[in-house]
Each structure stands twice: as C-alpha cells, then as structure tokens.
Amino acid sequence: MTIEKLNGPWVGQLIDEYETTMTELRNYHGKVNQADKVEREAVNRLISNLSYSLSWMRSGKEPGNRKDWGSRSSYQMTTFEPDMDLYPCLDLLPDPEPLDAEDKQRIVDALMTLSIRERQVFILAEGYGLSQRQIAAELNLSRRRVQDCIKSSKEKFKNASTSRPSANYK
1 MTIEKLNGPW
11 VGQLIDEYET
21 TMTELRNYHG
31 KVNQADKVER
41 EAVNRLISNL
51 SYSLSWMRSG
61 KEPGNRKDWG
71 SRSSYQMTTF
81 EPDMDLYPCL
91 DLLPDPEPLD
101 AEDKQRIVDA
111 LMTLSIRERQ
121 VFILAEGYGL
131 SQRQIAAELN
141 LSRRRVQDCI
151 KSSKEKFKNA
161 STSRPSANYK
C-alpha cells in the first residue's frame, strides 16, 4: 500500500517532498566542515524538525504524545460536502403568528392584573429581553426584588391569561 492510498494525495505528496528534503539535508550535513559548528547546528535543527513533521504526518498524531488525540482518518478526509437533504432548514425559531384581536385583549387584561412595578419588570424581562441585573439597574431595584417581581408577575399573567377577560380595555 502506498502512502498516497493511505493518507490521500495531498499528504502523500507532502511526505514525498519532506523525505526528498530530508535526504538532501543529510547529504549536505555530511559535507559541512566540522569546524563550522553554527552551520552544523542549524542543519541538525532542520533535520530534527523535518523528522518530527514526517512522523506526525505518517502517524496522524503528534509524536511523543501518549494520548491519541488525532487519527489517521483526519488526513484521509479532503473535503466535506454535506447532503442538504439531511439539513433542509437551519431556522431554529418559527415565524411568529399574528395575534388576533381576542388574543391581544387577553394580553392587555392579563397585564392590567399586575401592579405597576410588576408590569414594568415583566415588560422589560419578557418584552425587551433584559437580564435581571439590567432591570435592577434600570429601575433602581435590588436583583432579589426584580426576581420576586418576575416570579409573581409570571404567575399572575399565567392565571389571568387562562381565564376569560373580565373587562374591555381599549
């Protein structure tokens, strides 16, 4: 089995190029003058780096690493083309349905059962999506008070919205 079949064409070509360079560096290392220590050290570092890279490409994982984080199959994949039939739509939120007049009236009736403070906190939390910390800063309240207002207003809103409207607010 050749390297190209094992790792894919681009990795096989890269390994071939690195091996050619490694052979050339080893030949050059033998010709370098023994007195020129700086050049010999530079060539040794290049050979070491190439050897490290080659062992990484051949095995598919980092040399000297005891845990196998990578695998050879990561080099076998060249492209990923997802089948769009499997992922037809990535919209996570459905389109909101328009409210009819009766639903709007129920919401208004439910909001009117809340105190002014609860209504303020509820609208900032549910309508504008503010966090408890932001609401506390906006209304100059403690976070605990905001938390209590949200809890009680949700309970009141839920109870009021499930019952029939008692008065018309227009």
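Each step along the sequence shown adds one to the number in the working numbering, with nothing skipped, and position 31 is 31.
Note that the Cβ used here is the ideal one computed from N, Cα and C, for glycine as well.
{"query": "Return yes when the Cβ of residue 149 is within less than 9 Å of the Cβ of residue 108, no when it is not.", "result": "no"}
{"query": "Measure the C-alpha to C-alpha separation of residue 116 and residue 153 and round it to an integer number of angstroms.", "result": "10 Å"}
{"query": "For residue 183, which option in 58, 40 and 110 has the closest C-alpha, if you only look at C-alpha atoms?", "result": "Lying before the first or after the last residue shown, residue 183 is absent from the chain, which here runs from 1 to 170."}
{"query": "With contact counted as at least three CB pairs below 8 Å, one residue from each stretch, are the stretch 42-55 and the stretch 13-28 in contact?", "result": "yes"}
{"query": "Residue 44 by DSSP, collapsed to three states: which one?", "result": "helix"}
{"query": "Going by beta carbon distance, what residues of the same chain come within less than 7 Å of residue 55, once the five residues before and after it are set aside?", "result": "63"}
{"query": "Whose CA, out of 18, 32 and 36, lies closest to the CA of residue 49?", "result": "18"}
{"query": "On the DSSP letters alone, give me the boundaries of the alpha helix (DSSP H) that residue 108 sits inside.", "result": "101-112"}
{"query": "Under 8 Å: does the beta carbon of residue 130 sit that close to some heavy atom of the ligand COA?", "result": "Because no ligand of any kind appears in the structure shown, any question about the ligand COA cannot be addressed here."}
{"query": "In angstroms with no decimal places, state the Cα-to-Cα distance between residue 70 and residue 38.", "result": "Because residue 70 sits at a pLDDT of 49, beneath the cut-off of 50, its placement in the model cannot be relied upon, and the point is left open."}
{"query": "Looking at the structure shown, is residue 13 part of a helix, part of a strand, or coil, going by DSSP?", "result": "helix"}
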